[in-house]
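This report concerns only the one structure given below.
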Amino acid sequence: MKGNVMTTRKGLLLNPSQNLFCNEIERKVRGQGRRFKRLGGVLRHVENLFRRQHRATDFAADRSRKRFWDGFLLFTVILLLGHLSYAGDWPHWRGPFLNGSSDEKNLPASWSQTENVAWVSPLPGPSGATPVICKGRVFVSSTKKGSDELLALCFDAKNGKELWSKKLGASSRKVPRNTMATPSPVTDGKHVYFMYGSGELASLDYGGNILWSRNIETEYGNISIKYGYSSSPLLYKDKLYVLIHRRNRTYRSPESSTLDSFILAVDPKTGKNIWKQPRKTDALDESLDSYSSPIPNQIDGRIELIILGGDYVTANDPATGKELWRYRYAEQKSGRWRNVSSPVMGEGLIFGVRPRGGNGLFALKPGRGASVTNPRIAWSFDGPTPDACTPLYYKGNLYVLDGKRGRVLTCLDAATGTQKWQGKLGGNGPWYASVTAADGKLYCINEAGQAVVLAAGGQEFKILSRIDMEDKPVQASIAIADGHLYIRTASKLTCVGK
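Be aware that the sequence shown starts at 55, since it is given in the numbering used here, and climbs by one per residue.
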């Protein structure tokens, strides 16, 4: 903090000085509770900027300019107020900040089958998709046991009541340790978007009405990925991004093919393409497979779409799809370096995990100015790293879970890569779900349905509790919203919290 101005994790400038305009807004939205407090300072800062503009302008001589600034202020406030509804939500599989963390408070450090459980609802079948939560709704992708159906479900976040279920596709395709319903949905507060391994992509409103649907596989050929397509769509500003990173031939087929990898920008309102950008790579065979999801990164006022897979990290222009730069992370050419983990942002760095675990984690510093096309390695970590889990960035630390070999969780200083602590989670199976965090706690769950809660930060590995969900297999990450945890196991959706 400098003076009375501070910078939030989103980079917004806050000014907590009291102003009548913002106090009036606070009275009007007091029912939002802690959600308002997170943005109230932003509103006050915006008003201060315009007050200074008013004082610097001779509005007696330029009334039109005054009307412009007043109108712009009102427009800005409306946008900020519209954002209030997302403060306690989990709209994307990696949460509101796209890094696995949330600002939620008063979360449980332990629970059981009866303690600290708000509700439990049955699910029709297993899936690795993480639930997304927004405006009192929980959205879940699912298979249906004994059927080929691929479903979209909506639950009431308060009581777990199923509000609707829609069949969006069907697939008899079987893949190892996975299903065709692994991609997580994403929501903007009015619409929810579902993607499936069969290629189905659809938009629904909160009433469960299908607004549009299309099949990416039908349009662009077999999504030829060994363990099943798992990339979750990204909804960012006015575009829905879908990554298809696959080998150039149908899996287990000896014939050559023209199948290509690409990133697709779709109009969320219509489902039509805005642009389609090929993602070219010289990767071999299974190294062409990528299960990761794209994320946005802001640097020097520009936005880049970051993609990890096929031996490279690339940055694309979200507006046009044009590739801006690429970095080769593969230390050698291999036909089995498929990528599962998604990239993460923090401390001005892009964090990526090399495939198969044990090959290290790297922190990439994007280029600036004239060096925009020349990213460089800021630091690297050669300790235990994930095969599947995406790292967590939370309050200046990076948490890295090796979920298969040693089942080891490591806490690193995100800016420097310095190790703060490391410890074994143990358990009766691999850890495929990614770690999530809020309220000073880390939440992990393994394939056997065994959850572990740890203390975040500090200088020591500290387990707070272990809980057996008694329902497996589990691959979905724990979602956090409105003071609760949402845990998706094989046949149940459990809401934990008071």
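In this text, a Cβ means the ideal position worked out from N, Cα and C, and glycines have one as well. All values reported here derive from a predicted model rather than from experimental measurement.
- Taking the Cβ atoms as the reference, S388 lies roughly 17 Å from S346, outside the contact range of under 8 Å.
- Boundaries cannot be given for I277, as no alpha helix (DSSP H) includes it and DSSP labels it neither H nor E.
- Straight through space, the alpha carbons of S395 and I361 are spaced by roughly 11 Å.
- Setting aside the 5 residues that flank it on each side, P440 is surrounded in the same chain by S395, V407, G411, V454, L455, D456 and G457, each with a C-beta closer than 7 Å to its C-beta; the list follows chain order.
- With contact defined as three or more Cβ pairs closer than 8 Å, the region 220-232 and the region 162-175 are not in contact.
- Note that the C-beta distance between G364 and H299 is below 7 Å.
- Considering only R459, G503, Q513 and A509, the residue with the shortest C-alpha distance to E524 is G503.
- The region 528-544 makes contact with the region 488-503: 3 or more CB pairs, one atom from each, lie closer than 8 Å.
- Annotation: the region 407-478 contains the following complete segments of the beta strand (DSSP E) (minimum length 3 residues), in chain order: 415-419, 430-435, 446-448, 451-456, 462-467 and 473-478.
- Within 10 angstroms of the beta-carbon of G149 lie 16 or more other beta-carbons, which makes it buried.
- Between N276 and K516, the alpha-carbon positions lie close to 46 Å from each other.
- Straight-line measurement puts the Cα of A417 at about 12 Å from the Cα of T472.
- The three-state secondary structure of L204, taken from DSSP, is strand.
- Excluding residues up to 5 positions away in sequence, L152, L288, Y290, I357, E358, L359, I360 and P372 lie with their Cβ nearer than 8 Å to the Cβ of P350 in the same chain.
- Close CB contacts of F405 within its chain, under the 8 Å cut and outside five residues either way in sequence, are with P397, V398, M399, L415, F416, A417, L418, P445, Y447, L452 and A468 (chain order).
- For Y290, the enclosing beta strand (DSSP E) stretches over residues L288 to Y290.
- Within its own chain, the residues whose Cβ lies closer than 8 Å to the Cβ of P322, once the five positions on either side in sequence are excluded, are D242, H245, Y247, S257, L289, D292, K293 and L294, listed in chain order.
- Looking at F316, A432 and V194, the one whose alpha-carbon comes closest to that of E401 is A432.
- In the three-state scheme derived from DSSP, where H, G and I count as helix and E and B as strand, E158 is classed as coil.
- Taking the CA atoms as reference points, V507 sits about 35 Å from S201.
- S196 sits close to L177, with the two beta carbons spaced by under 7 Å.
- In the assembly as shown, R380 is a buried residue. Its beta-carbon has 16 or more other beta-carbons within 10 Å.
- A residue is called buried when at least 16 other Cβ atoms come within 10 angstroms of its Cβ; S434 does not meet this threshold and is exposed.
- In the structure shown, the three-state DSSP call for D339 is helix.
- Ranked by how close their Cα comes to the Cα of G512, the residues W485, R542 and G450 have G450 in first place.
- DSSP places W266 in the uninterrupted beta strand (DSSP E) bounded by I264 to N269.
- Secondary structure at T197: strand, using DSSP grouped into helix, strand and coil.
- Annotation: the continuous beta strand (DSSP E) that includes Y540 extends over H538 to R542.
- With a cutoff of 7 Å on beta-carbon distance, D343 and P332 are scored as not near each other.
- Here T236 is buried, its C-beta having at least 16 other C-beta atoms within 10 Å.
- CA-CA distance, V489 to S267, rounds to 32 Å.
- Counting only residues of its own chain and dropping the five nearest sequence neighbours on each side, N170 has a CB closer than 8 Å to the CB of P162, S164, V550, G551 and K552.
- A distance below 7 Å between beta-carbons, with the five flanking residues on each side excluded, links R382 to the following residues of its chain, in chain order: D365 and Y366.
- Here DSSP, grouped into helix, strand and coil, assigns E216 to strand.
- In the three-state reduction of the DSSP assignment, T272 falls in the helix class.
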